[in-house]
Every structure is written in structure tokens, then in C-alpha cells.
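**Q**
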Amino acid sequence: MPTTSEQLRPWLDRVLANHESWAAEFGEFTRHDSLALKDSEVAAALDELADRLRDNYPFFHPRYAGQMLKPPHPVAIAGYAAAMLINPNNHALDGGPATAKMEREVVAQLATMFGYGDHLGHLTSSGTIANLEALYVAREIHPDSGVAYSVDSHYTHSRMCKLIGVAGHAVPVDATGKMDLDALESLLRSGKVGTVVVTAGTTGLGVVDPVHEVVALRSRYDFRIHVDAAYGGFFSLIAGTEGIDPVPWQAIRHCDSIVVDPHKHGLQPYGCGAVLFADPAVGRFYVHDSPYTYFTSDELHLGEISLECSRAGAGAAALWLTLKLLPLRADGLGAVLAAGRRAAVRWHELIDQSDRLVPYQRPELDIVTYFPAEPTLSAIDAGSERMMREGMGDRDDPVFLSTLRAGAEAFGARGIAAVADVDGARVLRSVLMKPESEDYLDRLHDRVVSLAG
Ligand SMILES: *Cc1c(COP(=O)(O)O)cnc(C)c1O
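What follows is the structure, encoded as C-alpha cells:
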């Protein structure tokens with residue numbers, strides 16, 4: 001495989017050539033001197049920028065096995081650049097008809113991936129905003145009831161409930177980090193809850209809530225279900241393979257709204273979340289009357305179904321191009337997720353066999369959690385922190401990990417026998433979201449074992 005720059009250089013050349021020929025159709029004009037720059041000054045500033053950007057972790061490299069971070073696919077960069085040269089605004093059709101159409105197409109592809117037929121949806125600048133939109137619509141439908149989400153759901157749900165002025169209810173989780181159904185049911189019985197947020201892939205452990213069982217509770221209680229699949233959503237492409245239980249994924253189609261982040265597992269640059277609604281009629285909750293936009297079409301514009309105003313049309317172009325080449329199928333984008341998933345499963349096995357590392361929890365998707373074999377929680381905490389710090393600090397053979405804090409009861413629930421001399425400990429957490437991690441795994445494992453001492 002060629003490197004990112006080897007791939008991107010000819011693609012960007014083509015993008016620039018295509019742009020030039022389009023621009024030439026509009027005839028000559030004089031560029032203004034105020035925008036002129038001296039090549040030598042730009043070169044120096046670019047070098048200074050590169051220097052400043054050195055202060056980053058190498059998210060692209062399999063040595064980086066920490067947070068949910070990786071660069072976009074080069075083809076997404078090419079797609080983004082092609083549209084950015086025009087800079088359409090997907091708020092309204094007159095801001096960019098071409099990218100607004102692409103946005104509808106990619107949103108329809110995302111909807112199909114989850115099993116939605118009819119739908120309403122749009123891209124957003126992030127998963128947080130996409131979740132906010134889903135909760136906003138939920139509040140309009142159940143204005144006097146609260147929202148339930150598990151204690152392991154994304155922290156922004158409780159914040160967004162405060163923002164929209166509805167009560168948030170944190171539901172406990174079971175021994176594997178899934179929403180506790182008995183606790184949820186007693187909350188539903190109380191009549192306080194109008195919407196349940198289930199998470200398909202928690203941010204910390206990558207755990208999938210029992211979506212199907214929450215769906216089943218609707219035969220007894222009246223509530224909406226929102227699926228937060230910001231991180232995990234694209235795993236629905238490979239559910240039922242690679243040891244991923246398909247049942248919760250198949251139930252997502254019966255839920256009222258879904259959030260997925262193409263800027264996490266969809267190979268996109270930041271600024272690309274998505275919200276989908278099963279009932280297109282929820283568009284009525286967005287209706288507003290702006291005096292200065294929407295003058296080219298009678299259709300429902302993207303700006304009429306989103307809380308945000310300006311959004312980069314380039315984001316839609318990047319996703320459109322990416323999905324054209326790596327479609328939403330098991331043998332398209334799914335193959336990227338499957339490799340990370342296999343790496344996570346195999347690493348868990350290696351850790352399980354190691355006498356210096358202990359698994360915290362078996363990975364359900366591609367997040368591996370583990371800690372150094374120590375007798376007490378305080379020693380586990382100190383050891384995890386030290387391994388992360390020493391791994392990052394090693395100039396010759398660095399490895400980049402992240403940590404996750406777990407309470408003493410969570411260790412107990414997982415049958416981990418460490419002495420609870422403190423109320424919790426950090427464990428190490430690695431999101432293996434790059435397919436290259438599969439090939440690199442033995443080196444990664446050996447390096448992490450050596451850090452464990
Ligand atoms: C990342 C994440 C979010 C927040 O999405 P952003 O795009 O970072 O705003 C919400 N929910 C889950 C489950 C996530 O993993």
C-alpha cells in the first residue's frame with residue numbers, strides 16, 4: 001500500500017485540475033492584491049506550522065493505541081478539498097445544491113445501513129449536536145417527561161438534558177456495562193420517563209446496550225427510543241460476524257432516532273456527525289421562518305430540519321466520495337472495522353495469557369481494556385498511569401495508550417480479585433480503530449508487556 005502522501009498527491013492534482021477547468025468557465029477577473037502572498041513567506045510559515053504540529057500524538061500509526069482518534073482516509077481529504085475550493089454551505093439549497101444532494105444521498109445510505117426505510121435526517125457538526133437534536137425532538141413529543149440513559153452513556157446526555165430543560169435519569173449498568181433492564185423498568189413504571197437513550201457501543205468500553213430488550217419493553221410502556229451509535233454505529237455492517245452478536249443491532253431499526261458519527265468510524269475529518277429519525281413528520285418541530293434564505297426551491301431544505309445553520313458542504317462531499325469507494329457493506333467499510341475488531345479479540349487473548357497483564361473486560365467491539373497484574377487497586381492505578389506515561393515518553397520505541405477510571409465495585413462485578421484499598425483505579429484502554437493494528441499487534445503487545453515490568 002502506498003503512503004498517505006503518495007496516494008493523495010495525484011488525487012489532489014486531479015482535484016485542482018478539475019476545479020480549474022470549472023472555474024475557467026466563468027471567465028477571467030483580476031485577483032485582488034490584498035490577498036497576494038509571497039511564496040517565501042508562505043513556505044516559512046508552513047514550516048513553522050509543521051513545527052507546531054509536531055506537538056501531537058501519531059494517531060495514524062499503530063503505535064498509537066489510545067483514544068478514539070485517527071486521521072481521515074486520504075480520499076476523504078481529496079473529497080473535502082474538492083468541495084472546499086467552492087465552500088458550499090449545506091444550510092440551504094442555495095448555499096450548495098450539489099453537496100446538499102450528496103448529503104441526502106449519504107444520509108439515505110446511513111439510514112439503510114440501520115434498516116430504516118422512510119426517514120428524515122441530516123449531517124451535523126458532531127455526535128453531541130446530533131444527540132441534542134434527537135433529544136430536542138424527543139422533548140417536543142414528550143414535553144413533560146424525562147430522559148433515561150445509562151451511567152456508562154456519553155457524558156453529554158445529562159448536559160444536554162439540562163440544556164433543553166428536561167430531567168435526566170442515569171440508569172445503573174450490569175456487570176458488563178450494559179444498561180440494567182430491571183432498573184430501567186422501574187423507572188418506566190414510575191411514569192417519569194418519555195425517552196430512553198440506548199448506547200450501541202459505549203465510549204469507554206465499547207459495550208452495546210440490549211437494544212432489543214428495551215424495544216420489547218415498549219409493549220408495556222409508552223416511550224421513545226434513541227440510539228446513540230456515535231462510536232459504534234458502523235459496526236452494524238459486520239454484526240453477526242467476527243463474534244459480534246447481531247441481535248441488538250437488528251433491533252435498531254425499531255427505534256425512533258439514531259446518531260452515528262462518520263468522523264469516528266467513517267474515515268471522515270472532524271465536523272461530521274449524523275442524526276436519523278424514523279418518522280419524517282418530526283420535521284415539523286424544526287420549522288422556522290428565516291427571511292433571507294431558501295429562495296431556490298420549495299422542497300424541505302436541510303436548514304429547515306436542523307438546529308444548526310451553516311455547515312460545511314465539503315463534509316458531505318467527503319463522505320459521499322468515501323462511501324462511493326468504500327460502500328456501507330461488509331466488504332466495503334465493514335472490512336476496515338473487521339480488522340480492528342479481530343485485533344481487539346486477539347489482543348484480549350494475548351493479554352489473558354500473559355502473566356504481567358490482566359484483561360479488565362472482554363472487548364465487545366474494538367476497545368481493549370487491561371491493567372498491570374498488581375495485588376491492590378492503588379497499585380493497579382499507579383501502574384496503569386506509569387505505563388501510559390513511560391510508553392509516551394520513550395523516544396526510541398514509544399507506544400501511546402489511554403486510561404479509563406473504574407470504581408472498586410466495577411472491578412468486583414467483573415470478578416477481579418484485587419484488594420480494594422481505594423475506591424477505584426485507572427485501567428489502560430486502547431481503541432483499535434485502525435485496520436493496521438491487526439498486523440502490528442504482536443509488536444504492540446510485546447511493547448506493552450515490557451512496560452508492565
Ligand atoms: C463520541 C461520542 C459522542 C459525542 O460525539 P462527538 O462527535 O464527540 O460530539 C456521543 N456518544 C457516544 C457514544 C460517543 O462515543
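Residue numbers (the numbering used here): 1 to 453. Using N, Cα and C, we set each Cβ at its ideal position, and we do this for glycine too. Keep in mind it's a predicted model, so treat the numbers as computed, not measured.
#1: Please state the DSSP three-state secondary structure of residue 187.
#2: With a threshold of 8 Å, are at least 3 pairs of Cβ atoms found where one atom belongs to the region 302 to 316 and the other to the region 78 to 85?
#3: Using a Cβ-Cβ cut-off of 6 Å (strictly less than) and excluding sequence neighbours within five positions of residue 170, which residues of its own chain qualify?
#4: Tell me whether the beta-carbon of residue 418 lies closer than 9 Å to the beta-carbon of residue 425.
#5: What is the DSSP secondary structure of residue 224, counted as helix, strand or coil?
#6: Quick one: what's residue 361 bridged to in DSSP?
#7: Kindly list the residues whose CB is nearer than 6 Å to the CB of residue 246, restricted to its own chain and excluding five residues on each side of it in sequence; keep chain order.
#8: So, at 7 Å on beta carbons, what are the nonlocal neighbours of residue 323 in its own chain, with the 5 sequence-adjacent residues on each side left out?
#9: Alpha carbons only, please: which of 258, 64, 209 is nearest the one belonging to residue 184?
#10: Using only the alpha-carbon positions, how far apart do residue 46 and residue 39 sit?
#11: Residues bridged to residue 429 by DSSP?
#12: Just checking residue 261 against ligand 1 - is the residue's beta carbon closer than 8 Å to any of the ligand's heavy atoms?
#13: Verify whether the separation of the beta carbon atoms of residue 201 and residue 364 is less than 9 Å.
#14: Cβ atoms of residue 127 and residue 57: under 9 Å apart, would you say?
#15: Look at residue 259 and residue 228 and say whether their C-beta atoms are less than 9 Å apart.
#16: Under the criterion of a Cβ to heavy atom distance below 8 Å, does residue 64 qualify as lining ligand 1?
#17: Give the C-beta separation of residue 166 and residue 146 to the nearest angstrom, bearing in mind that I take them to be a contact with Cβ-Cβ under 8 Å.
#18: Check whether the Cβ atoms of residue 448 and residue 428 sit closer than 9 Å, and answer yes or no.
#19: Under the three-state reduction of DSSP, which class applies to residue 334: helix, strand or coil?
#20: For residue 265, which option in 219, 220, 271, 336 has the closest C-alpha, if you only look at C-alpha atoms?
#21: Please classify residue 274: does DSSP put it in a helix, a strand, or coil?
#22: Tell me where the alpha helix (DSSP H) around residue 377 begins and ends.
#23: For the candidate residues 439, 434, 451, whose alpha-carbon lies nearest to that of residue 65?
#24: Are the beta-carbon atoms of residue 272 and residue 123 separated by less than 9 Å?
#25: Terminal residues of the continuous beta strand (DSSP E) containing residue 454?
#26: For residue 198 and residue 225, which I take to be in contact (beta-carbon distance under 8 Å), what is that distance rounded to the nearest angstrom?
#27: Which residue's Cα is closest to the Cα of residue 113: 422, 330, 451?
#28: Is it buried or exposed, residue 186, if we count other Cβ atoms within 10 angstroms and call 16 or more buried?
#29: Quick one: does the C-beta of residue 129 sit closer than 8 Å to a heavy atom of ligand 1?
#30: With a threshold of 6 Å on Cβ separation, who are the neighbours of residue 359 within its own chain once the five nearest residues in sequence on each side are excluded?
#31: Ignore the nearest five residues each way along the sequence and tell me which others in residue 74's own chain have a CB closer than 8 Å to its CB.
#32: Counting only the same chain and skipping the five closest in sequence on each side, list residues whose C-beta sits under 7 Å from that of residue 32.
#33: Just to confirm before moving on: does the CB-CB distance between residue 129 and residue 267 stay below 9 Å?
#34: With a CB to CB cut of under 8 Å and the five nearest residues on each side skipped, what residues in its chain are close to residue 41?
#35: Please return the same chain residues whose Cβ sits closer than 6 Å to the Cβ of residue 420, not counting the five positions on each side in sequence.
#36: Taking all protein chains shown into account, do 16 or more other C-beta atoms lie within 10 angstroms of the C-beta of residue 156, making it buried, or fewer, making it exposed?
**A** Let's see:
#1: Start at 1 with the first residue of the sequence shown, and residue 187 comes out as number 187. Per DSSP, reduced to three states, the secondary structure at residue 187 is helical.
#2: Yes, since at least three Cβ pairs between the region 302 to 316 and the region 78 to 85 fall closer than 8 Å, the two stretches touch.
#3: Position 170 of the sequence shown, counted from the start, is the residue given in the question as residue 170. Only residues of its own chain outside the window of five on either side were considered, and among them 151 have a CB closer than 6 Å to the CB of residue 170, listed in chain order.
#4: In the sequence shown, residue 418 corresponds to position 418, counting from 1. In the sequence shown, residue 425 corresponds to position 425, counting from 1. In this structure, residue 418 places its C-beta atom within 9 Å of the C-beta atom of residue 425.
#5: Locating residue 224 in the sequence shown gives position 224, counting from the first residue. Here residue 224 carries a strand assignment [DSSP, helix/strand/coil].
#6: Locating residue 361 in the sequence shown gives position 361, counting from the first residue. Residue 361 pairs with 369.
#7: As a working note, residue 246 is residue 246 in the sequence shown. So the qualifying residues of the chain are 239, 240.
#8: For this step, residue 323 is matched to residue 323 along the sequence shown. Hits under 7 Å: 106, 109.
#9: For the purposes of this step, residue 184 is taken as residue 184 along the sequence shown, with counting starting at 1. It is 209 whose Cα lies nearest to the Cα of residue 184.
#10: Position 46 of the sequence shown, counted from the first residue, corresponds to residue 46. Position 39 of the sequence shown, counted from the first residue, corresponds to residue 39. If you take the alpha carbons of residue 46 and residue 39, they lie about 10 Å apart.
#11: In the sequence shown, residue 429 corresponds to position 429, counting from 1. Answer is 369, 402.
#12: Locating residue 261 in the sequence shown gives position 261, where the first residue counts as 1. For ligand 1, at least one heavy atom lies less than 8 Å from the Cβ of residue 261.
#13: Here residue 201 refers to the residue found at position 201 when the sequence shown is read from its first residue. Here residue 364 refers to the residue found at position 364 when the sequence shown is read from its first residue. Yes, Cβ-Cβ distance for residue 201 and residue 364 is below 9 Å.
#14: Position 57 of the sequence shown, counting from 1, holds the residue named residue 57. Position 127 of the sequence shown, counting from 1, holds the residue named residue 127. With contacts defined by Cβ atoms closer than 9 Å, residue 57 and residue 127 do not form a contacting pair.
#15: Counting from 1 along the sequence shown, the entry for residue 259 is found at position 259. Counting from 1 along the sequence shown, the entry for residue 228 is found at position 228. Against a cut-off of 9 Å, the Cβ pair of residue 228 and residue 259 comes out as a contact.
#16: By 1-based counting over the sequence shown, the position of residue 64 is 64. Distance from the C-beta of residue 64 to the nearest heavy atom of ligand 1 is not below 8 Å.
#17: Against the sequence shown, residue 166 aligns to sequence position 166. Against the sequence shown, residue 146 aligns to sequence position 146. The distance from the Cβ of residue 166 to that of residue 146 is about 6 Å, consistent with a contact at the 8 Å cut-off.
#18: Against the sequence shown, residue 448 aligns to sequence position 448. Against the sequence shown, residue 428 aligns to sequence position 428. A Cβ-Cβ contact shorter than 9 Å links residue 448 with residue 428.
#19: The residue you call residue 334 lines up with position 334 of the sequence shown. Here DSSP, grouped into helix, strand and coil, assigns residue 334 to helix.
#20: In the sequence shown, the residue the question calls residue 265 occupies position 265. Closest by C-alpha distance to residue 265, out of 219, 220, 271, 336, is 336.
#21: Walking along the sequence shown from the start, residue 274 turns up at place 274. DSSP, reduced to helix, strand and coil, places residue 274 within a strand of the structure shown.
#22: Your numbering for residue 377 matches position 377 in the sequence shown. Going by DSSP, residue 377 is part of the alpha helix (DSSP H) stretching over 377 to 393.
#23: For the purposes of this step, residue 65 is identified with residue 65 of the sequence shown, where counting begins at 1. Answer by Cα proximity: 434.
#24: Residue numbering aside, residue 272 sits at position 272 when the sequence shown is read from its first letter. Residue numbering aside, residue 123 sits at position 123 when the sequence shown is read from its first letter. Less than 9 Å divides the Cβ of residue 272 from the Cβ of residue 123.
#25: Any property of residue 454 remains undetermined from this structure, which presents the chain solely from 1 to 453.
#26: The residue you call residue 198 lines up with position 198 of the sequence shown. The residue you call residue 225 lines up with position 225 of the sequence shown. Here residue 198 really is in contact with residue 225; their C-beta atoms are around 6 Å apart, less than 8 Å.
#27: As a working note, residue 113 is residue 113 in the sequence shown. 330 is the residue among 422, 330, 451 whose C-alpha sits nearest the C-alpha of residue 113.
#28: On the sequence shown, position 186 is the one that residue 186 refers to. Exposed, because fewer than 16 other Cβ atoms sit within 10 Å of the Cβ of residue 186.
#29: For the purposes of this step, residue 129 is taken as the residue at position 129 of the sequence shown. Yes - ligand 1 has a heavy atom lying nearer than 8 Å to the Cβ of residue 129.
#30: In the sequence shown, counting from the first residue as 1, residue 359 sits at position 359. Taking C-beta separations shorter than 6 Å and ignoring five residues to either side along the sequence, the partners of residue 359 in its chain run 348, 351, 352, 370, following chain order.
#31: Locating residue 74 in the sequence shown gives position 74, where the first residue counts as 1. Cβ within range, chain order: 4, 7, 8, 11.
#32: As a working mapping, residue 32 is identified with position 32 in the sequence shown. Hits under 7 Å: none found.
#33: Locating residue 129 in the sequence shown gives position 129, where the first residue counts as 1. Locating residue 267 in the sequence shown gives position 267, where the first residue counts as 1. No, they are not a contact pair.
#34: In the sequence shown, the residue the question calls residue 41 occupies position 41. Cβ neighbours of residue 41 beyond the five flanking positions: none.
#35: For this step, residue 420 is matched to residue 420 along the sequence shown. Scanning its chain for C-beta atoms nearer than 6 Å, with the 5 sequence neighbours on each side dropped, one finds around residue 420 the residues 377, 408, in chain order.
#36: By one-based count along the sequence shown, residue 156 stands at place 156. When all chains shown are included, residue 156 counts as buried.
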